[in-house]
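Single-structure report; data block below.
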Amino acid sequence: MSAAGNLNEQVSGGYSLLDRIGKKRLRNIAIIVAVLVVLSIIAIANDGSELFFQRVFDGLNNGFIYSAMALALVLIYKATGVVNFAQGDMAMFGTFICYVYAVNMGIPVGFAILLGMATSALGAAVIERTLIRPFDPRNHLAITIVTLGLLLVLNSMAGVIWGYDPRAFPTPFPNRNKSFHLFGAQIDYTKLYTWITILVAVLLVSLLLNKTKIGLAFRSVSSNLESSELVGIHVGRTLQFGWALAAAVGTLAGSLIANTTFLDPNFMSRVLIYSFAAATLGGLDSLGGAVIAGIIIGEVETMSGGYIAFIGGTLAPTTALVVIVVVLLIRPSGLFGSKRVERV
Amino acid sequence: MAFVKLKQGTPAQRAYAWIPWILVGLFLVYPLIGSYRSGWPHVGSIDQSFRISQFNDVIAYAVAILGLNLVIGYSGQLSLGHSAFVGLGAYTTIILVADHHWSFFATIPVSAGLCFLLGLIVGLPALRIRGLYLAIVTLSLAFVFPTLVLKYGSLTGGPNGKKPPRGEAKMVPPSWMPFHGAGRLASPLWVYAIFLVMATIVFVLVRNFIKSRPGRALVAVRDNQTSAAVSGVNLPIYKVLAFGMSAAIGGIAGTMLMMNTPFASDTQFTIQLAIFLVVGLVIGGAGTISGAVPGAMVYLFVPYFMSAWTNDQSGMPPGIRQATKPLFDWLSTRQGKGAIAGVFFGVLLLIAVFILPGGIIDGLRRLRAKIINVAPNPGWLRERGRTRGVHPVEESVDPAATTAGPLSNDLTTDSA
Numbered sequence: 005m006s007a008a009g010n011l012n013e014q015v016s017g018g019y020s021l022l023d024r025i026g027k028k029r030l031r032n033i034a035i036i037v038a039v040l041v042v043l044s045i046i047a048i049a050n051d052g053s054e055l056f057f058q059r060v061f062d063g064l065n066n067g068f069i070y071s072a073m074a075l076a077l078v079l080i081y082k083a084t085g086v087v088n089f090a091q092g093d094m095a096m097f098g099t100f101i102c103y104v105y106a107v108n109m110g111i112p113v114g115f116a117i118l119l120g121m122a123t124s125a126l127g128a129a130v131i132e133r134t135l136i137r138p139f140d141p142r143n144h145l146a147i148t149i150v151t152l153g154l155l156l157v158l159n160s161m162a163g164v165i166w167g168y169d170p171r172a173f174p175t176p177f178p179n180r181n182k183s184f185h186l187f188g189a190q191i192d193y194t195k196l197y198t199w200i201t202i203l204v205a206v207l208l209v210s211l212l213l214n215k216t217k218i219g220l221a222f223r224s225v226s227s228n229l230e231s232s233e234l235v236g237i238h239v240g241r242t243l244q245f246g247w248a249l250a251a252a253v254g255t256l257a258g259s260l261i262a263n264t265t266f267l268d269p270n271f272m273s274r275v276l277i278y279s280f281a282a283a284t285l286g287g288l289d290s291l292g293g294a295v296i297a298g299i300i301i302g303e304v305e306t307m308s309g310g311y312i313a314f315i316g317g318t319l320a321p322t323t324a325l326v327v328i329v330v331v332l333l334i335r336p337s338g339l340f341g342s343k344r345v346e347r348v
Numbered sequence: 007m008a009f010v011k012l013k014q015g016t017p018a019q020r021a022y023a024w025i026p027w028i029l030v031g032l033f034l035v036y037p038l039i040g041s042y043r044s045g046w047p048h049v050g051s052i053d054q055s056f057r058i059s060q061f062n063d064v065i066a067y068a069v070a071i072l073g074l075n076l077v078i079g080y081s082g083q084l085s086l087g088h089s090a091f092v093g094l095g096a097y098t099t100i101i102l103v104a105d106h107h108w109s110f111f112a113t114i115p116v117s118a119g120l121c122f123l124l125g126l127i128v129g130l131p132a133l134r135i136r137g138l139y140l141a142i143v144t145l146s147l148a149f150v151f152p153t154l155v156l157k158y159g160s161l162t163g164g165p166n167g168k169k170p171p172r173g174e175a176k177m178v179p180p181s182w183m184p185f186h187g188a189g190r191l192a193s194p195l196w197v198y199a200i201f202l203v204m205a206t207i208v209f210v211l212v213r214n215f216i217k218s219r220p221g222r223a224l225v226a227v228r229d230n231q232t233s234a235a236v237s238g239v240n241l242p243i244y245k246v247l248a249f250g251m252s253a254a255i256g257g258i259a260g261t262m263l264m265m266n267t268p269f270a271s272d273t274q275f276t277i278q279l280a281i282f283l284v285v286g287l288v289i290g291g292a293g294t295i296s297g298a299v300p301g302a303m304v305y306l307f308v309p310y311f312m313s314a315w316t317n318d319q320s321g322m323p324p325g326i327r328q329a330t331k332p333l334f335d336w337l338s339t340r341q342g343k344g345a346i347a348g349v350f351f352g353v354l355l356l357i358a359v360f361i362l363p364g365g366i367i368d369g370l371r372r373l374r375a376k377i378i379n380v381a382p383n384p385g386w387l388r389e390r391g392r393t394r395g396v397h398p399v400e401e402s403v404d405p406a407a408t409t410a411g412p413l414s415n416d417l418t419t420d421s422a
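Chains as they are written, first to last, in the working numbering: chain A, 5 to 348; chain B, 7 to 422.
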């Protein structure tokens, strides 16, 4: 069994970090780090350090967004046991709601995003209650097909209501056109604030899951549904909480990236593919894994697109597919996921 | 309780058993009726030619959905990348026809073979783990396919699409066909005739596959993977085989699409198509062979009528027109009103999953079971087995299991 699973979940028993990670895994990590260092040195030697760090920070920027979306995916996977294919479109719809609050109603952008997060959390809770809960939680195929239907409805509905012309989404942060330099690379303040916001959000989610009663209930339900029911946890409401939390995180990610990508009904589909790759790489049921893998995927995307001329910009999505296939072939439970054992 | 009771083997029941085939026959001759009315063998108007061409698309997409059904309906894995297989088949055909002057028929095995290989590769991760990972892999495949088409623009025509040079490579009826020389409009009718043959072959092959040992093994994997493995089913081989076959059939469907309309572009084979095919499958009936046809009809006719109605509601049934007037009035003010078909699809899918989990076909079967009840008649079955040279199965075997055909389902549920 993987001992290092669930990074942000406390494991009692007094093992030291080294024991938990294990020597073999430590060696693997060392090999990967060494390869990365060699590749970085080659990259810096070829194209200079400025470009290298610029790409590192660009990758980090995408990576944080993928982390947030992957986190939302994993939350729903833990809650419902399915991959929510509508996650991207839920986030898109939530971002449009933020847009309506901010632009049409004139509410200050930061506050509008918070309000949009609350609205989409409420919406997701309603969706969970009406469309997901009637099904047997073990009937994964039916629930997945429901999420596909949700994807279609939300995507087309946004198209009907708001049209397909890209819109500019306002940024909630100050110093919007200013930037600073780090290692010769130029970083916008907006990007820095985006990273900080997502880090804070991840921290809040982990606090919510680890320090509150409903978080405890959620972890209990996701680890064993029947036993949780027996000890008196209201399973339905707990799963609803998971959906609401995921929708809020998704809306946050959407409205933070909409500033750079422009807002239209399909703007999240590209992000969603990378978040799938991140969630798969991190192991579908590991929250910490999703965050780390999101950043890895962001870096892989930017670096492979930037340094490998053959991949360039057009083939970048292919790297996501390749990562997914390779991870599933070599290590199906991802980097941090728990291995599944089937009982006969 | 059922209103009508029929005993198996009586003339009434045997006549009744023909009804599905008569329906199939009516479906098949429908396009011909129009051309007969306009003075056979001449194909009448452009409008009529368009209708036949639309029917051809229905058949091609029905084949695509049938292929998808092998993975989703019969092996219980979710594939969201069928658009990539259909697209690969379509591009293989169009490139061979346009650049290398192959005939359309010669490209069928090539595109089926290529798609089979791609399906095997994509299906490989399914070996390692069960569940939704395959859906993720296939979804990203569907996302990547159009970007690959754009990347290799010199081969695929890139964003301009690909089509054979003018006047070349159109499906022209041969001289022995009665409507040979009926002009340009005869082409869809000839394609229709070919599609009937192709689709019949593919449907019969899939039906026989499902009823054979590997097919039953596949269903066993779907219903309970562990017990299937314990019963000696080689899981990896069957899972990958199902995926490869499904991809190959998707490739054939792509070739058929190109036979009907020789033009391929990257916007045709997107993630949207993959999802719509799943919608068509679920609405038609996952796990039923015949469900592919109503599924394909829903897939093609819903957007067609929705987009026609958003512009002009005069073609709608009168009662519905009044009821939906506010909706269409509101829609006509919207810039993205074309997307309403997508909303409608999504809602149909949700309704299907909630109310008709077995799709249209299963719904019809249940409705039929409420009206007509066929009572099993083991004596007649034994009699028939003797006359057909089949060794009769003794009483220990459920008689229902020995009757093949569309009625066997009702039989088992009713006699149980």
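Where a beta carbon is used, it is the ideal one built from N, C-alpha and C, also for glycine.
Just so we're clear, the structure is a prediction, and the values are computed from it rather than from any experiment.
In the DSSP assignment, K13 (chain B) forms a beta bridge with B:A381. In its chain, beyond the 5 residues on either side, F89, A90 and D93 have a beta carbon closer than 6 Å to the beta carbon of L155 (chain A).
Residue pairing by DSSP places A223 (chain B) in no beta bridge whatsoever. Two segments are said to touch when three or more pairs of C-beta atoms, one from each, lie closer than 8 Å; by this definition the stretch 91–107 of chain B does not touch the stretch 232–239 of chain B. Under the three-state reduction of DSSP output, H107 (chain B) falls in the coil class, being neither helix nor strand.
At a Cβ-Cβ threshold of 9 Å, S296 (chain B) and I367 (chain B) count as neighbours. In the DSSP secondary-structure assignment, H185 (chain A) is bridged to A:Q190. Contact between V225 (chain A) and L243 (chain A) holds, since their C-beta atoms are separated by about 7 Å, short of 8 Å.
For W247 (chain A), the enclosing alpha helix (DSSP H) covers residues V239 to T265. For M161 (chain A), the enclosing alpha helix (DSSP H) stretches over residues H144 to W166. Taking 9 Å as the CB threshold, S85 (chain B) stays off the interface with chain A. The alpha-carbon separation between L79 (chain A) and D289 (chain A) amounts to approximately 8 Å.
Secondary structure at R171 (chain A): strand, using DSSP grouped into helix, strand and coil.
Counting C-beta atoms within 10 angstroms of its own C-beta, R142 (chain A) has fewer than 16 neighbours from the protein chains shown and is therefore classed as exposed. Between L285 (chain A) and I261 (chain A), the beta carbon gap of about 20 Å keeps them out of contact (Cβ cut-off 8 Å). Annotation for V236 (chain B): the continuous alpha helix (DSSP H) segment containing it runs Q231 to V236.
At a cut-off of 9 Å between C-beta atoms, K157 (chain B) counts as an interface residue with respect to chain A. T318, L319, P321, T322, A324 and L325: these are the residues of the stretch 294–325 of chain A whose beta carbon lies less than 7 Å from some beta carbon of chain B, given in chain order.
Listed in chain order, the alpha helix (DSSP H) elements of length 4 or more contained wholly in the stretch 330–363 of chain B are 346–361.
Considering only B:L287, B:L147 and B:A223, the residue with the shortest C-alpha distance to L241 (chain B) is B:A223.
For T284 (chain A), the C-beta contacts it makes with chain B under 8 Å involve Y139 and I142, in order along the chain.
Counting only residues of its own chain and dropping the five nearest sequence neighbours on each side, P170 (chain A) has a CB closer than 8 Å to the CB of F266, L267, D268 and F271. T151 (chain A) counts as buried, since at least 16 other C-beta atoms from the protein chains shown sit within 10 angstroms of its C-beta. Under DSSP, K168 (chain B) shares a beta bridge with B:A270. By the CB criterion at 9 Å, V155 (chain B) and D272 (chain B) fall inside the cutoff.
The residue among B:T294, B:T330, B:M262 and B:F351 with its C-alpha nearest the C-alpha of A96 (chain B) is B:M262. Any Cβ of chain A closer than 9 Å to the Cβ of V227 (chain B) would place that residue at the interface, and such an atom is absent. In the displayed model, S81 (chain B) falls within coil according to three-state DSSP, outside both helix and strand.
Distance check between L195 (chain B) and each of B:G31, B:L362, B:Y36 and B:V359 places B:Y36 closest, using alpha-carbon atoms only. Segment contact: the stretch 294–314 of chain B against the stretch 177–187 of chain A, fewer than three CB-CB distances shorter than 8 Å; contact not assigned. Remark: C-beta atoms of F68 (chain A) and I277 (chain A) do not approach each other more closely than 9 Å. Proximity of R274 (chain A) to chain B, defined by a Cβ-Cβ separation below 9 Å, is satisfied.
In this structure A104 (chain B) touches P170 (chain B) by the C-beta definition: roughly 4 Å separates them, less than 8 Å.
By the neighbour-count criterion, in which a residue is buried when 16 or more other Cβ atoms sit within 10 angstroms of its Cβ, L40 (chain A) is exposed.
The beta-carbon distance between A294 (chain A) and A283 (chain A), rounded to whole angstroms, is 5 Å. This is short enough to meet the 8 Å contact definition. Around the C-beta of K157 (chain B), 16 or more other C-beta atoms lie within 10 Å, and the residue is accordingly described as buried.
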